[in-house]
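Asks: In full-length UniProt numbering, the protein residues as written are 1 to 407. The following block contains the structure, expressed as structure tokens.
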Amino acid sequence: MATSAARSDVFVWNGIDKNGRTTKGEITATSSAMAKAQLRRQGIKTKSVKKKPKPLFGSGKGKPIKPADIAIFTRQLATMMKAGVPLVQSFDIVGEGLDKQTMREMVYSIKNDVASGSGLAPSLAKYPRHFDELFCSLVASGEASGTLEVMLDRVATYKEKTEALKAKIRKALTYPTAVVVVAIVVTGILLIKVVPQFAETFRSFGSDLPAFTLFVLNISNFVQKWWFVILLGLGGIVFAFREARFRSVKFAEWLDKTALKMPVVGGIVHDSVIARFARTLSTTFAAGVPLVDALNSTAGAAGNAVYARAIRQIRDDVTTGTTLYNSIKTTGLFPNMLLQMVSIGEESGALDDMLDKVANHYEEAVDNAVDSLSSLMEPMIMSILGVLVGGLMIAMYLPIFMLGSVI
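This is the structure:
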């Protein structure tokens with residue numbers, strides 16, 4: 001259904017509602033007839049239904065919906081409902097302020113389902129790529145308990161914090177990636193453009209060249225001859241890496257285990273996983289979701305294959321009657337602070353509050369670690385580039401220096 005909604009058009013309409021008041025809005029449908037039928041089911045007598053003209057620039061069509069867009073949408077919807085705005089009208093207000101056409105169409109499609117009598121959770125579940133099982137189960141819990149606005153606010157807070165955490169991790173991993181990319185690009189330019197010019201000069205010397213210079217010249221010749229093969233090979237490695245990451249559970253576990261053992265970055269990855277575990281479990285448990293179901297949702301949101309498997313083991317142990325504290329301790333993967341807070345939470349009946357404190361602590365730890373890594377990587381990038389460029393320059397000028405000493 002999500003696919004068909006993406007092929008629908010947006011129609012602008014005006015008409016008279018059940019109370020006899022003139023109203024207008026936008027609706028997503030496959031045709032004007034379908035739009036009129038949907039409005040009729042909502043009790044609206046239409047006066048006109050026209051296909052919304054598409055602007056020449058800035059329509060946002062084709063732009064993918066990002067997790068950050070979902071976080072903003074959830075916060076806006078929660079704010080509207082807390083202000084007392086009806087759910088369907090909230091969708092209209094939020095939809096009008098969206099720039100991305102893909103996002104706007106999805107919001108109007110969900111609104112039409114809700115206006116036709118469907119629950120919000122089932123309507124969101126039609127878009128599993130953007131609203132996962134955890135999101136939908138929390139919304140369903142809010143609908144069942146009559147506290148939808150409270151639950152949406154809780155979900156919005158959860159999405160904002162998890163997206164902020166992901167952004168910090170991306171920031172931490174961007175610097176090492178930047179070092180590699182910049183180093184490859186600069187080295188490639190020097191080997192393809194600069195070194196060959198020196199090679200022409202060296203041929204006129206008619207004498208033996210230093211071993212280091214010959215080594216660099218051989219690399220330059222190889223890169224000039226096979227640069228397209230090298231690019232294809234790098235692209236193939238990246239593609240194969242991505243495919244193996246998604247298709248092979250064992251490879252994903254090995255990769256995530258390796259990431260946890262990496263110096264500096266490994267600590268950031270570890271703290272982010274612990275923060276996500278505590279935040280997800282705190283949010284779901286506070287929403288009244290049973291602990292076993294909450295652990296199941298937490299495993300799906302772990303973001304690390306090693307910890308996802310450990311959380312599923314915790315879930316199985318809790319199912320057999322083991323306490324959460326003992327189940328977590330058995331894995332040997334979680335820090336003592338979390339264990340102590342879980343123990344206090346179980347004894348005091350405030351598990352969600354204790355987990356929330358753990359999440360806040362590790363989110364702050366990730367933030368500080370990322371800032372430290374950023375300040376560490378800046379001079380490191382300059383040092384690596386200096387060594388590469390300096391090494392190549394020495395290799396090129398070494399024969400000239402040797403020739404000068406002979407003369």
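Glycine is no exception: its CB is placed at the ideal position from the N, C-alpha and C atoms.
Could you check if TYR362 is buried or exposed, using at least 16 other CB atoms within 10 Å of its CB as the buried criterion?
Replies: Label assigned to TYR362: buried.
Asks: Fully enclosed by the segment 259-298, which alpha helix (DSSP H) runs are 4 residues long or longer?
Replies: Runs found: 265-286.
Asks: What are the boundary residues of the beta strand (DSSP E) that ILE70 is part of?
Replies: Here ILE70 belongs to no beta strand (DSSP E); instead the alpha helix (DSSP H) covers 67-82.
Asks: With a threshold of 6 Å on Cβ separation, who are the neighbours of ILE169 within its own chain once the five nearest residues in sequence on each side are excluded?
Replies: Answer for ILE169: SER272, listed in chain order.
Asks: Between ALA78 and the rest of its own chain, which residues show a CB-CB distance below 6 Å, the 5 nearest in sequence each way excluded?
Replies: For ALA78, where only same-chain residues beyond five positions count, the Cβ hits under 6 Å are LEU152, ASP153, ALA156.
Asks: Check SER59 in the structure and name its three-state DSSP category.
Replies: Because SER59 carries a pLDDT of 47, less than 50, the predicted location of this residue cannot be relied on, and the following value inherits that uncertainty. In this structure, SER59 counts as coil in the three-state DSSP scheme.
Asks: Taking the alpha-carbon positions, what's the SER31 to MET262 distance?
Replies: Near 55 Å, if we compare the C-alpha coordinates of MET262 and SER31.
Asks: Rounded to a whole number of angstroms, what is the C-alpha to C-alpha distance between ILE16 and THR46?
Replies: Taking the straight line from one Cα to the other gives about 6 Å.
Asks: Using DSSP with H/G/I as helix, E/B as strand and the rest coil, what is GLY349?
Replies: The answer is coil: DSSP assigns GLY349 none of H, G, I, E or B.
Asks: Which complete alpha helix (DSSP H) runs does the UniProt domain "Type II secretion system protein GspF" (73-196) hold, if anything under 4 residues is left out?
Replies: Listed in chain order, they are 87-96, 101-115, 120-125, 133-145, 148-189.
Asks: Quick one: what does DSSP say LYS18 is sitting in, helix, strand or coil?
Replies: Looking at LYS18 - three-state DSSP - the assignment turns out to be coil, as it is neither helix nor strand.
Asks: Using the C-alpha atoms, what's the distance from ILE184 back to residue 420?
Replies: As displayed, the chain neither begins before 1 nor continues past 407, which places residue 420 out of reach and without an answer.
Asks: List the endpoints of the continuous beta strand (DSSP E) containing LYS47.
Replies: From DSSP, the beta strand (DSSP E) with LYS47 extends over 45-51.
Asks: For VAL269, count neighbouring C-beta atoms within 10 Å of its own C-beta (all shown protein chains included) and say buried if the count is 16 or more, exposed if not.
Replies: By the 10 Å Cβ count, VAL269 comes out buried.
Asks: Checking the sheet assignment: what are the DSSP bridge partners for THR30?
Replies: According to DSSP, THR30 bridges with nothing at all.
Asks: Could you compute how far the alpha carbon of GLY84 sits from the alpha carbon of SER90?
Replies: One C-alpha to the other measures close to 9 Å.
Asks: Rounded to whole angstroms, what's the CA-CA distance from PHE246 to GLY233? Just pull it up for me.
Replies: When rounded, the distance between both Cα atoms is 20 Å.
Asks: Report buried or exposed for LYS18, applying the criterion of at least 16 other Cβ atoms within 10 angstroms of its Cβ.
Replies: Exposed: under 16 other Cβ atoms inside 10 Å.
Asks: In whole angstroms, give me the CA-to-CA distance for GLU346 and GLU378.
Replies: GLU346 and GLU378: Cα-Cα distance of roughly 45 Å.
Asks: With a CB to CB cut of under 7 Å and the five nearest residues on each side skipped, what residues in its chain are close to LEU339?
Replies: Excluding residues within five positions, the ones whose Cβ falls inside 7 Å are TYR325, ILE328, LYS329.
Asks: Identify whether THR23 lies in helix, strand or coil by the three-state DSSP scheme.
Replies: In this structure, THR23 counts as strand in the three-state DSSP scheme.
Asks: Hey, how far is the Cα of SER109 from the Cα of GLY20?
Replies: Whole-angstrom Cα-Cα distance: 25 Å.
Asks: Can you tell me the Cα-Cα spacing of SER116 and VAL88, whole angstroms?
Replies: Taking the straight line joining both Cα atoms gives about 10 Å.
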